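Have a look at the structure below before the remarks.
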Amino acid sequence: MTTASETQVGTNVEDQPNKSSFLDILLIMLRKQPLASFGAAIVLAMIFMALFADVLTTIDPEENNLEFMLEAPGAAFWLGTDQFGRDLLTRIIYGARTALFVGFTCAVVGSTLGLVLGVASAYFGGMFDLIIQRVVDVIMAFPLIILALAVVATLGPGVENVIIAITIPFVPQCARVVRSNALAIREIPYVDAARALGFSHTRIIMRHMVPNVMAPFLIMLTSFLGQAILLEASLSYLGMGVQEPTAAWGLMLQGGAEEYAESAPWVAIWPGVAISLAVFGFNLFGDGVRDTLDPKLRSQ
Amino acid sequence: MIKYLIKRLLLLLPTLLGAAILVFFLLRLVPGDVCEIRLAGTGLYADPAEIALCQKELGLDQHILKQFFDFIWGYATFDLGKSMWTGAPITHEIGLRFHLSLQVAIMATAVAIMIAIPFGIISAVKQNTWIDYFVRAFSIAGIAMPSFWLGILIILGLLIGTQAVFGEPWMPPIEFKPIWEDPVWNISQLIWPAVATGYRYSAVATRMTRSALLEVLREDYVRTARAKGLLEKVIINRHALKNALLPVVTVISIEFAFLMGGLVVTEQVFNLNGLGRLFVESVGAQDFNMTQQLVMLVVLIFVLTNFFVDILYAWLDPRIRYS
Chain A
0 MTTASETQVG TNVEDQPNKS SFLDILLIML RKQPLASFGA AIVLAMIFMA LFADVLTTID
60 PEENNLEFML EAPGAAFWLG TDQFGRDLLT RIIYGARTAL FVGFTCAVVG STLGLVLGVA
120 SAYFGGMFDL IIQRVVDVIM AFPLIILALA VVATLGPGVE NVIIAITIPF VPQCARVVRS
180 NALAIREIPY VDAARALGFS HTRIIMRHMV PNVMAPFLIM LTSFLGQAIL LEASLSYLGM
240 GVQEPTAAWG LMLQGGAEEY AESAPWVAIW PGVAISLAVF GFNLFGDGVR DTLDPKLRSQ
Chain B
0 MIKYLIKRLL LLLPTLLGAA ILVFFLLRLV PGDVCEIRLA GTGLYADPAE IALCQKELGL
60 DQHILKQFFD FIWGYATFDL GKSMWTGAPI THEIGLRFHL SLQVAIMATA VAIMIAIPFG
120 IISAVKQNTW IDYFVRAFSI AGIAMPSFWL GILIILGLLI GTQAVFGEPW MPPIEFKPIW
180 EDPVWNISQL IWPAVATGYR YSAVATRMTR SALLEVLRED YVRTARAKGL LEKVIINRHA
240 LKNALLPVVT VISIEFAFLM GGLVVTEQVF NLNGLGRLFV ESVGAQDFNM TQQLVMLVVL
300 IFVLTNFFVD ILYAWLDPRI RYS
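Top line first, the protein sequences correspond to chains A and B. Counting in numbering that gives the first Met the number 0, the first sequence runs from 0 upward without gaps. Counting in numbering that gives the first Met the number 0, the second sequence runs from 0 upward without gaps.
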């Protein structure tokens, strides 16, 4: 992805294989990878937008204002208004809240569950491993959005259900990657030593194995962020996700984007720009984290 | 080889059964069914007796395990049951739309290949030039951009473009006609969704082509070829590309299975009456029969594609032999 020399990054990672905190990784990344730093900047801007939405704009994102339906972008409404007279910029800013809330919750919960399951699967082995892996096989035979839609079919739409629907497919993906790393760690003598000392399974897993699979865990977590945002937007666009009047980017595109394509194209353009920019930023950031933690994967 | 193939095919059965169990019970986890929606969906009071009658008609009053065995038995007898919403046989509903979705999927794959391979090659050959940066930016944008938004932009562009050129806006036709009946009509309708989905799928393949080719170009035999004075064109076409395309073939084939997922959204944008649309509608109407059969169809396509990719791989790479 970047032009930084491979040997440099390689030695850095070898010098401090697992000790480095997330902050250290971030610092290494910023220095070596300008593209990833650009992604990180977008991510930070999005987080800022989400946190300070009510400071950045004083307009209510959900209140209809029928006087100003489909106003063109101008001094009063920088990006124009939608068919209910709601300011697009305001809704995009508040939409960041929805997108990031869903994105972070799904990525963190999904990868954490996957981490525990993957490590436990590698540690216990045998029947437990076999069953978990078969379940993982089955879940991974579904395209993401198909499984998410099937979950929504059961639970119904709404933010909480969308989060569940997106998280479920993430768990096995992360579990599989973490497991293959944890299998190698299980063979290292200190795990045997811990077992010989009579530590409980929970303690060995949580204190001795989990910290050593942090690299694949963080790689999966960051790669889930962009995916989750994109999935939420897709589900909301289909009307199976976040519901009106909540501000969500995918939902904004659904609300008559095609009908107003000619008369008010801004309705169909800006929310899409927001989605693309967010996913773009999170992906670049994720690529950077991956390259920093795992130099072997760099060129892909 | 034959033995291996049979073994692999048989191993698909547990996965399919697992998927069937998962989907069947997942959809029935939560109370509420199609009868309540159909009869009380408009907010009116629904007579419990009527709901019970409707449930009886659809077999929803039977024990859940009995329903499950009927569902599995259906595969043995090629009877997929009836849509709970329209009452028509599911094979009929799927048959109506299968053609459209398959055609879009094939066209989208073709678009993806046509973008990915030339762009990936040129990007690797011109590594770290502005061409390379452009191609990489183009493919990263493809991953970031939701395909439904690209679809909306295409429609928008078509409307504004045709308005400017011909004086009146033109939209792709809504009604579907098979390609052998009216090729021009058919292509002018389906090319847009194929581009919208294909561009997105080309992104991963472009990156894969680029990195695979870069790796191969660092191999000793490429250096030998250069040392003996072969033209760079010959080196790339005859020596490097053949080896570099192996992983690309895998990526493209596996993504073919995932196209179904992409179609769910794209068909909605372009108002196409395909399987993706049917899926979304069945989810909305809580037509569990239809939803589970469509999910199973996707899973079946997915596992079969994986199976064929494995075989294809062995066929393309003589070093891989299954036994």
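Note that beta-carbon positions come from the ideal geometry of N, C-alpha and C, so glycine has one too. Here the structure is a predicted model, which means the values were calculated and not measured.
DSSP lists B:Pro88 as the bridge partner or partners of Lys81 (chain B). Taking 7 Å as the CB threshold, Glu261 (chain A) lines the interface with chain B. Counting other Cβ atoms within 10 Å of its Cβ, Ile203 (chain A) reaches 16 or more and is therefore classed as buried. Counting along the chain, the unbroken alpha helix (DSSP H) around Gly280 (chain A) starts and ends at 265-292. Close to chain A, meaning a Cβ-Cβ distance shorter than 9 Å, are the following residues of the stretch 144-178 of chain B: Met144, Pro145, Ser146, Phe147, Trp148, Leu149, Ile151, Leu152, Ile154, Leu155, Leu158, Ile159, Gln162, Pro168. Across the set B:Asp60, B:Tyr220, B:Thr108, the C-alpha of B:Thr108 shows the shortest separation from the C-alpha of Thr205 (chain B). Distances from the alpha-carbon of Leu116 (chain A) to those of A:Asp81, A:Ile162, A:Ala174 put A:Ala174 closest. Annotated three-state conformation of Asp23 (chain A) is helix, per DSSP. Under the Cβ distance rule, Thr290 (chain B) counts among the residues neighbouring chain A, one pair being separated by less than 7 Å. Proximity of Ala193 (chain B) to chain A, defined by a Cβ-Cβ separation below 7 Å, is not satisfied. Beta-bridge pairing by DSSP links Thr56 (chain A) to no other residue.
Under the 7 Å criterion on CB atoms, Gly271 (chain A) is classed as interfacial with respect to chain B.
By the neighbour-count criterion, in which 16 or more other beta carbons inside 10 Å mark a residue as buried, Glu167 (chain B) falls on the exposed side. One thing to note: Gly84 (chain A) has its Cβ no nearer than 7 Å to the Cβ of Thr166 (chain A). With respect to chain A, the C-beta atom of Phe257 (chain B) has a partner C-beta closer than 7 Å. The DSSP-derived three-state label of Asp136 (chain A) is helix. Residue environment analysis places Asn127 (chain B) among the exposed positions, since fewer than 16 neighbouring C-beta atoms fall within 10 angstroms of its C-beta. Burial state of Ile1 (chain B) is exposed, judged by a 10 Å Cβ sphere holding fewer than 16 other Cβ atoms. Remark: C-beta atoms of Ala163 (chain B) and Ala211 (chain B) do not approach each other more closely than 7 Å. Looking at A:Ile268, A:Ile163, A:Leu217, the one whose alpha-carbon comes closest to that of Asn180 (chain A) is A:Leu217.
Counting only runs that start and end inside the stretch 184-244 of chain B, the alpha helix (DSSP H) elements of at least 4 residues fall at 219-226. Under the Cβ criterion of 7 Å, Phe301 (chain B) is counted among the residues facing chain A. Judged by beta-carbon spacing, Ala106 (chain A) lies beyond the 7 Å limit of Leu237 (chain A), meaning their Cβ atoms are not closer than that value. The C-beta separation of Leu250 (chain A) from Val170 (chain A) comes to about 26 Å, leaving the pair out of contact by the 8 Å criterion. Within chain B, the residues Pro13, Thr14, Gly17 have their CB atoms less than 9 Å from the CB of Arg133 (chain A), given in chain order. Counting the other Cβ atoms within 10 Å of the Cβ of Gly287 (chain A) gives 16 or more, which makes it buried. Glu254 (chain B) and Phe147 (chain B) have their C-alpha atoms some 18 Å from each other.
Pairing Arg276 (chain B) with Leu283 (chain A), the inter-Cα distance amounts to about 32 Å. About 15 Å separates the beta carbon of Ala263 (chain A) from that of Ile91 (chain A), a gap too long to meet the 8 Å contact definition. Between the alpha carbons of Glu49 (chain B) and Gly58 (chain B) lies a gap of roughly 14 Å.
By a beta-carbon distance limit of 8 Å, Leu234 (chain A) contacts Val151 (chain A). Their separation comes to about 7 Å. With distances taken between CA atoms, Glu231 (chain A) lies nearest to A:Ala147 out of A:Gly155, A:Val54, A:Leu182, A:Ala147. Here Leu16 (chain B) is exposed, its C-beta having fewer than 16 other C-beta atoms within 10 Å. Take the alpha-carbon of Gly240 (chain A) and the one of Val177 (chain A): they are about 29 Å apart. Contact annotation, Ala202 (chain B) with Ser138 (chain B): C-beta distance approximately 4 Å; criterion of less than 8 Å satisfied. For Lys6 (chain B), the uninterrupted alpha helix (DSSP H) segment begins and ends at 1-26.
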